[in-house]
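Protein chains in written order, with the numbering used here: chain A, 2 to 288; chain B, -13 to 222. Okay, so here's the structure we're looking at.
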Amino acid sequence: MTTFIDGLSLGSIYALIALGYTMVYGIAKMLNFAHGDVIMVGAYAIFSTLAVTGHPLVGVLVAVVICTVLGVVMEKLAYKPLRGASPLAVLITAIGVSYLLQSIAQLIYGSKSRAITLGNFESIKIGSVSISSATIITLAVGAVIMVTLTLFVKYTKVGRAMIAVSEDRGAAALMGINVNFIITITFAIGCCLAAAAGLFYLLQIPSVTPTLGSMPGIKAFTAAVIGGIGSIPGAMLGGILLGVIEKICLSIPVLAPYTTAIEFSLLIVILLVKPIGLLGKKRREKV
Amino acid sequence: MAMLEVKDLEVYYGVIQAIKGISFEVNEGEIVTLIGANGAGKTTTMQSIMGLIPAKSGSITYEGKSINKVPTHKIVQMGMTQVPEGRRVFQELSVYDNLVMGAYTRKDQKEVKNSIEEIYARFPRLKERRNQIAGTLSGGEQQMLAMGRAIMSKPKLLMLDEPSMGLSPLLVDEVFEIIKDFHKSGTTILLVEQNAGKSLAISDRAYVLENGKIALSGTGKELLESEEIKKAYLGG
């Protein structure tokens, strides 16, 4: 039971990152491989603010602001000039941005891993199950963010414009929707979620390194593809599924060393059986 | 002064020239049609006017302002929009939400509600299916929705790209009736059609597009009676 709840908690971290991947893919039609590194930027932002102010909540706020601005700047400087360019050029640029962010972090903070304390999180006993309060915070805040995002996309004007742009950019423009603005907003939201993921990551593993975003980034990307890239509920499902599987595998001694292999094999199996992902939609390809 | 004036427009896809210097105009209150075979450049012309495909050279002027470099969403705000070829309704949104999307540029929420009611009155089928996801509608219903959605932005000039394509003869008649209705309520119309007979019959003026050039032009009536048109587009 504890394993399962830990899995849900890790899963919501993956889900938050996967949402950024999937929304940007759905709307800008590109894979932002630098997305994992935004988590790292968020983590360092928390690390630095904590060192200066000593207050974790301020750190979180600063991280959210910095990551959101980073998302907008990244899109404007690196990706917008490439709109309409070949997908390969955009992909290579994204990888370049990823290395750029990692190198900047290394220049500022060095390559050594630094420890960080966000406070003491005691375990809470519910019946026979003991759960860390960090896990509970992750689960609760993660759930609130995901519900808010779903409602935002469904019921606000900008949210519906996002659905319209992801479905048909040209037709959306004909409605008077500023497509570039919607893409910028999407990057901002995605990176804001990555900042939250950065915080939850630090609650699980309390140390920062310039490459800390790589693995969760790749795992979350896997989760997004398993759930069906471009689908918001898909990213949530994929993320949570992957988190639970990871924790279950880690809790079984025979499987533990192969955890990552099992996760990526799951991706291969899904791609073979249902290439569009669990909740992916078939799209008419336009001629 | 013409409401919309296109002068010496040239459009390329990569190295291939699709539009080879065409000029035409639409005056306020008119129905103007571009007819032509597949690949003549009709859709390209329409998309270029709306800024969806960049023009290589030439000028596009709407109400006296050059709109060559104006982004699509701003052109919509200026009072011009388009029912795109192949309808392109938002498949994942409901009928109602599609209509709301059409009013994206409007701020008057109460009036938007009224406009939706007007559209429901004109298209009872859409009212019946207002909560249905647009992707589940029939082709004809999707065309009605695409037309209703476009009129939701209250355009002064409405362009329709092949609205009768792929529809049964009965629905084709219905589509032309709707275009006449829109026109009567004060909307200027620029129509692109392969159905030359029906479109020329409702047009004030028309242009015939062949291989990216304007081959003929005249009033709807003149072209309907022209021998060349009869041979090439009206089946004898």
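Think of the CB as a built atom: it goes at the ideal place given N, C-alpha and C, for glycine as much as any other residue.
Under the rule that 16 or more other beta-carbon atoms within 10 Å means buried, what is residue i, buried or exposed?
i, result
"E286(A)", "For E286(A), the pLDDT reaches just 44, beneath the cut-off of 50, and the residue's location in the model is therefore unreliable, although a value from the coordinates is still provided. Its Cβ having fewer than 16 others within 10 Å, E286(A) is exposed."
"M36(B)", "buried"
"V65(A)", "buried"
"R115(A)", "exposed"
"Y(-1)(B)", "exposed"
"E97(B)", "exposed"
"D94(B)", "exposed"
"K28(B)", "buried"
"K248(A)", "buried"
"E123(A)", "exposed"
"N33(A)", "buried"
"D38(A)", "buried"
"H56(A)", "exposed"
"K275(A)", "exposed"
"E179(B)", "buried"
"S167(A)", "buried"
"M2(A)", "exposed"
"S34(B)", "buried"
Relative to the C-alpha of residue i, which residue among the options is closest?
i, options, result
"E104(B)", "F168(B), L186(B) and I175(B)", "F168(B)"
"G315(A)", "P211(A), G12(A) and V159(A)", "Any property of residue 315(A) remains undetermined from this structure, which presents chain A solely from 2 to 288."
"R74(B)", "G160(A), D169(A), T23(A) and V98(A)", "D169(A)"
"E32(B)", "L153(B), P70(B), S185(B) and G88(B)", "In the sequence on display, residue 32(B) carries Met and not Glu. Cα-wise, what sits closest to M32(B) is P70(B)."
"F5(A)", "S252(A), I277(A) and A262(A)", "S252(A)"
"L17(A)", "I105(A), M163(A), F201(A) and Y259(A)", "F201(A)"
"T139(A)", "I271(A), G8(A), P276(A) and G228(A)", "G8(A)"
"A29(A)", "L92(A), Y45(A), G60(A) and L58(A)", "L92(A)"
"S124(B)", "I164(B), T173(B), I2(B) and S154(B)", "S154(B)"
"Y82(B)", "T67(B), M64(B), I102(B) and M66(B)", "I102(B)"
"G62(B)", "A41(B), M87(B), E78(B) and G44(B)", "The sequence shown places Val at residue 62(B), not Gly. Among A41(B), M87(B), E78(B) and G44(B), the Cα nearest to that of V62(B) belongs to M87(B)."
Flag residue i as yes when its Cβ comes closer than 7 Å to any non-hydrogen atom of the ligand ADP, and as no otherwise.
i, result
"L268(A)", "This structure simply doesn't include the ligand ADP, nor any ligand for that matter."
So residue i and residue j are supposed to be a Cβ contact under 8 Å. How far apart are they, rounded?
i, j, result
"I46(B)", "I53(B)", "5 Å"
"L238(A)", "L203(A)", "No, L238(A) and L203(A) are not in contact; Cβ-Cβ is about 25 Å, not under 8 Å."
"T69(A)", "C193(A)", "5 Å"
"E127(B)", "R115(B)", "7 Å"
"A189(A)", "V25(A)", "Not really, about 10 Å apart at Cβ, beyond 8 Å."
"P207(A)", "I117(A)", "5 Å"
"A120(B)", "N84(B)", "5 Å"
"A106(A)", "P211(A)", "4 Å"
"K140(B)", "R92(B)", "7 Å"
"I137(B)", "I165(B)", "That pair is no contact at about 11 Å."
Beta strand (DSSP E) segments (min. 3 residues) lying fully within the segment 180 to 206 of chain B: 191 to 196 and 199 to 205
Contact set between the segment 90 to 103 of chain B and chain A, restricted to residues whose Cβ is under 7 Å from the partner: Y90 and T91
Short-range partners of chain A found in the segment 61 to 83 of chain B, where Cβ spacing is below 7 Å: The segment 61 to 83 of chain B vs chain A, Cβ under 7 Å: V62, Q63, T67, Q68, P70, R74, F76, Q77, E78, L79 and D83.
Members of the segment 156 to 168 of chain A that neighbour chain B once the beta carbon cut-off is set at 9 Å: From the segment 156 to 168 of chain A, only K158, R161, A162, I164, A165, S167 and E168 have a Cβ closer than 9 Å to chain B.
Members of the segment 122 to 156 of chain B near chain A, C-beta cut-off 7 Å: Residues of the segment 122 to 156 of chain B whose Cβ lies closer than 7 Å to any Cβ of chain A, in chain order: S139.
Chain-ordered residues of the segment 17 to 43 of chain B with a beta carbon less than 9 Å from chain A: Q33, M36, G37 and L38
Segments assigned alpha helix (DSSP H), at least 4 residues, entirely inside the segment 222 to 254 of chain A: 233 to 252
Completely contained alpha helix (DSSP H) runs for the segment 118 to 160 of chain B, where each covers 4 or more residues: As summarised for the segment 118 to 160 of chain B, the continuous alpha helix (DSSP H) elements at least 4 residues long and confined to that stretch are 125 to 137, given in chain order.
Interface positions of the segment 176 to 208 of chain A facing chain B (Cβ-Cβ less than 9 Å), listed along the chain: M176, G177, I178, N179, V180, N181 and F182
Residues, ordered as in the chain, of the segment 155 to 178 of chain B that lie near chain A by beta-carbon distance below 9 Å: none
Every unbroken alpha helix (DSSP H) within the segment 104 to 189 of chain A, with a cutoff of 4 residues, ordered by chain: 134 to 156, 158 to 168 and 170 to 175
Near-chain B residues of the segment 25 to 38 of chain A (beta-carbon distance less than 7 Å), N- to C-terminal order: none
3 or more residues per run - each beta strand (DSSP E) lying fully within the segment 26 to 89 of chain B: 43 to 48 and 66 to 69
Interface residues of the segment 57 to 79 of chain A facing chain B [CB-CB below 8 Å]: none
Interfacial residues, the segment 207 to 225 of chain A to chain B, with Cβ spacing under 7 Å: none
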